[in-house]
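Take a look at the structure below.
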Amino acid sequence: MVKLFERPRITLLILVLASASLITLNYRGGSRFSFVSVKAAVRDVITPVRSTLDSAFSPVGNVITGAFDYGSLKTENQKLKNQINGAEMVKLAAGDAQRQLNQLLRLDNIQFAQGIASVPAQVISMTPSNLQLSFEIDKGQSAGIQLGMVVVGGSGLAGRIVAVGSTTSTVLMVSDPNFAAGVRFGPGGNIALLNGQGLNQPLKVNLVDPGSPIRVGQVLVTSGLQGEVFPPGIPIARVTSITNPLGALQESVKAAPVVDYGGLQYVRVLKWRPLS
Amino acid sequence: MNSRLFFIRLPLLLITVVVLQHSGVGGLSISGVHPDIIMGLVCATGIVAGREKGALIGFLAGILADSFLVTPYGLSALIYTVVGYLSGELERFELADSRIVSFLAVGAMSGVGVVLFYGTEFVLGIHNPLSHQLLAEVSVVSLLNVVISPILVFAARFSLKPSGVDSRFESRR
Numbered sequence: 001m002v003k004l005f006e007r008p009r010i011t012l013l014i015l016v017l018a019s020a021s022l023i024t025l026n027y028r029g030g031s032r033f034s035f036v037s038v039k040a041a042v043r044d045v046i047t048p049v050r051s052t053l054d055s056a057f058s059p060v061g062n063v064i065t066g067a068f069d070y071g072s073l074k075t076e077n078q079k080l081k082n083q084i085n086g087a088e089m090v091k092l093a094a095g096d097a098q099r100q101l102n103q104l105l106r107l108d109n110i111q112f113a114q115g116i117a118s119v120p121a122q123v124i125s126m127t128p129s130n131l132q133l134s135f136e137i138d139k140g141q142s143a144g145i146q147l148g149m150v151v152v153g154g155s156g157l158a159g160r161i162v163a164v165g166s167t168t169s170t171v172l173m174v175s176d177p178n179f180a181a182g183v184r185f186g187p188g189g190n191i192a193l194l195n196g197q198g199l200n201q202p203l204k205v206n207l208v209d210p211g212s213p214i215r216v217g218q219v220l221v222t223s224g225l226q227g228e229v230f231p232p233g234i235p236i237a238r239v240t241s242i243t244n245p246l247g248a249l250q251e252s253v254k255a256a257p258v259v260d261y262g263g264l265q266y267v268r269v270l271k272w273r274p275l276s
Numbered sequence: 001m002n003s004r005l006f007f008i009r010l011p012l013l014l015i016t017v018v019v020l021q022h023s024g025v026g027g028l029s030i031s032g033v034h035p036d037i038i039m040g041l042v043c044a045t046g047i048v049a050g051r052e053k054g055a056l057i058g059f060l061a062g063i064l065a066d067s068f069l070v071t072p073y074g075l076s077a078l079i080y081t082v083v084g085y086l087s088g089e090l091e092r093f094e095l096a097d098s099r100i101v102s103f104l105a106v107g108a109m110s111g112v113g114v115v116l117f118y119g120t121e122f123v124l125g126i127h128n129p130l131s132h133q134l135l136a137e138v139s140v141v142s143l144l145n146v147v148i149s150p151i152l153v154f155a156a157r158f159s160l161k162p163s164g165v166d167s168r169f170e171s172r173r
C-alpha cells in the first residue's frame, strides 16, 4: 500500500511552501521584504571566494602548459616562438588599447543625459545565467551607486542597476524580459512602451497606433515618462520591422538595442534616481 | 568526525558550484545558452541520494543561486527543490546502479528543470515559454550536463557519503 504522507513527501511539501512563501513575500511584502540587502550580503561574502577560486583555477592551466616545456631544442624553439608571439602581442595590445580608448572617448562625448552626474565603470562579466540577461560592473555602493540607477554605453541606454554590492553591481540589459521603458519616436514625439523579450529575441514596441509615423531604422529614445524611471532623450533601440496585422489595434513593431553588448567594455552609471 | 566532514563538504560543494556557475563556467555559452551546473548537481544528488536529499540540496542551492539573480527570491529554490525530488524518484528504477544511465538521467532531468523554469516564469508573468529558445535551452543544458555529469555524480557521492549513503546508497528514500 502506498503511504501518502511519507517523510520525503512531507519534506518536499515544506520546502515548496517555504519557496512559495519567499516568492509571495517578494511580490507582496513591499520594500520590507525585497531581500535586496540579503542578496547584497550573500554576494559580498561570496565575492572574495569567487576571486580566490578564479585565481586558484588559472594556475592549473599554467601547470599543464608548463609540463610540456622540456628539452633544450624545444626550449630554443620556444624562445623564438615566444619572441614572435611577443611581437604579435604588442601589436594586438596596441589595437586593443586603441579600441578601449575609442570606447572611453565615446563615453566622454555622449550627447545624451548631459548635466547628470555619472560614474565610469568597467564591465567585468556578462550574463552567467539563462534566467536573466545582465552584466556585472566593477563599481558598487562604495562608488555611490544605488538601485535603479541608469547605465549608458557609448551609443545609448545599456540597462539599469538591479543589484548593488559594496564593490560590484548588476545591470539588467534592455533585452531582459523584466525590462520595460517608455519611449518616444517620430517628429511628434509619439509615445510607446518598449519591452525586452529575452535571449536572441527582438525587443517589442507596444502601444503604437496604426498609421503612426514610425519607420524601420528609426531610433527610439526614452520618454522620461513612466514615473521618470529613465531620463528623457537617451537612445535605446532601433526599429527593425513593422507589420500591421489586419484589424489589429496597434502596429506590430520589433526593435534591436542600440548598444552592442558583445563589445561593451566601459559604461557610465548616471546618478539619476527614479522619482517613483 | 564523518558527520562533521559532511557538514563542511556539502556547503563547500554548493558554494563552489554556485560560484563556478556565476564566474568561469557560467560565462561559457552555446548559441547564447549557458550551462547550468547547479541544476546538474541537484539532479545528480537526487539520483545518487534519493528524493529527500535531492529536494533539500535543491532548496539550499536555489537559495544561494537566487542571491545572484534578479528573479524573485525563492524561484530557483522552488524549481531546484522539485527537480531534486523528481530526480530522486528515478531511484525507484535503480538508475544509480548503471553509471551511463545515471549520467543520461542527469541530462534528462536538467531538461525537465529548464521546462519547469520556463513554465514557472510564465505563470509569474516574466517569460513567454512558446519560443524556439526553450528548445535550444533544453537541448544545450541537457547535453552539457550529460557531458559533465560524471564529475557531478562523483561530487554528489563524495559530499554525501558520510551521511549514511554508502557505495550502494542503501539508505536512499
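Top to bottom, those sequences are chains A and B.
Heads up: the first sequence begins at 1 in this note's numbering, then just goes up one per residue.
Heads up: the second sequence begins at 1 in this note's numbering, then just goes up one per residue.
Ideal placement from N, C-alpha and C gives every residue a C-beta, glycine not left out.
Burial state of A/Q83 is exposed, judged by a 10 Å Cβ sphere holding fewer than 16 other Cβ atoms. Around the beta carbon of A/S37, fewer than 16 other beta carbons sit within 10 angstroms, so the residue counts as exposed.
Setting aside the 5 residues that flank it on each side, B/V33 is surrounded in the same chain by A136, E137, V140, each with a C-beta closer than 6 Å to its C-beta; the list follows chain order. Taking 8 Å as the cut-off, the Cβ atoms of B/T71 and A/L15 do not count as close.
The stretch 21-30 of chain A makes contact with the stretch 69-86 of chain B; the number of CB pairs closer than 8 Å reaches 3 or more.
Judged by beta-carbon spacing, A/V49 lies beyond the 8 Å limit of A/G156, meaning their Cβ atoms are not closer than that value. The beta-bridge partner set that DSSP reports for A/I191 consists of A/R184. About 6 Å separates the beta carbon of B/I38 from that of B/V17, a gap short enough to meet the 8 Å contact definition.
With distances taken between CA atoms, B/K53 lies nearest to B/T81 out of B/G40, B/R92, B/T81, B/L28. Taking B/G84 as the centre and dropping the five residues before and after it, the same chain places the C-beta of V42, T45, G46, G54, A55, I57, G58 closer than 7 Å to its C-beta, in chain order. A/A158 and B/P11 have their C-alpha atoms some 36 Å from each other. One Cα belongs to A/I234, the other to A/T222, and the distance between them is close to 5 Å. Given a length threshold of 3 residues, the stretch 23-99 of chain B has no whole run of the beta strand (DSSP E) inside it.
Under the three-state reduction of DSSP output, A/M149 falls in the coil class, being neither helix nor strand. In the three-state reduction of the DSSP assignment, A/V38 falls in the helix class. Neighbourhood of B/T71 in chain A, by CB distance below 7 Å: L131, Q132, in chain order. A/L220 places its beta carbon 8 Å or farther from that of A/L193. In this structure, A/V164 lies away from A/I236, with their beta-carbon atoms at least 8 Å apart.
In the three-state DSSP reduction, A/T243 falls in the strand class (E or B). Proximity of A/L172 to chain B, defined by a Cβ-Cβ separation below 8 Å, is satisfied. C-alpha of B/L104 to C-alpha of B/Q133: approximately 22 Å in a straight line.
A/Q122 is outside the set of residues whose beta carbon lies under 8 Å from a beta carbon in chain B.
Ranking A/G115, A/V119, A/S169 by CA distance to the CA of A/P232 puts A/G115 first.
A/S19 reaches chain B at F59, G62, G74, L75, A77, L78, T81, counting residues in chain order whose Cβ is nearer than 8 Å. No Cβ-Cβ contact shorter than 8 Å links A/F185 with A/I161. Taking the Cβ atoms as the reference, A/K254 lies roughly 4 Å from A/P202, within the contact range of under 8 Å.
Per the C-alpha coordinates, the member of A/G247, A/V229, A/S252, A/Q218 positioned closest to A/V239 is A/Q218. Counting along the chain, A/R7 sits inside the alpha helix (DSSP H) bounded by residues 7-28. Neighbours of B/L56 in chain A, taken as residues whose beta carbon is under 9 Å from its own, are T11, L15 in chain order. Membership of A/A158 in the beta strand (DSSP E) is indicated by the continuous run 157-164. Residue environment: B/I148 is assigned as buried (16 or more neighbouring CB atoms within 10 Å of its CB, all protein chains considered).
The residue among A/R7, A/V119, A/G86 with its C-alpha nearest the C-alpha of A/Y266 is A/V119. A distance below 7 Å between beta-carbons, with the five flanking residues on each side excluded, links A/A143 to the following residues of its chain, in chain order: V119. The C-beta distance from B/S67 to B/G111 rounds to 25 Å, too long to meet the 8 Å contact threshold. Judged by beta-carbon spacing, A/S169 lies within the 8 Å limit of A/K139, meaning their Cβ atoms are closer than that value.
For A/L172, the enclosing beta strand (DSSP E) starts and ends at 169-173.
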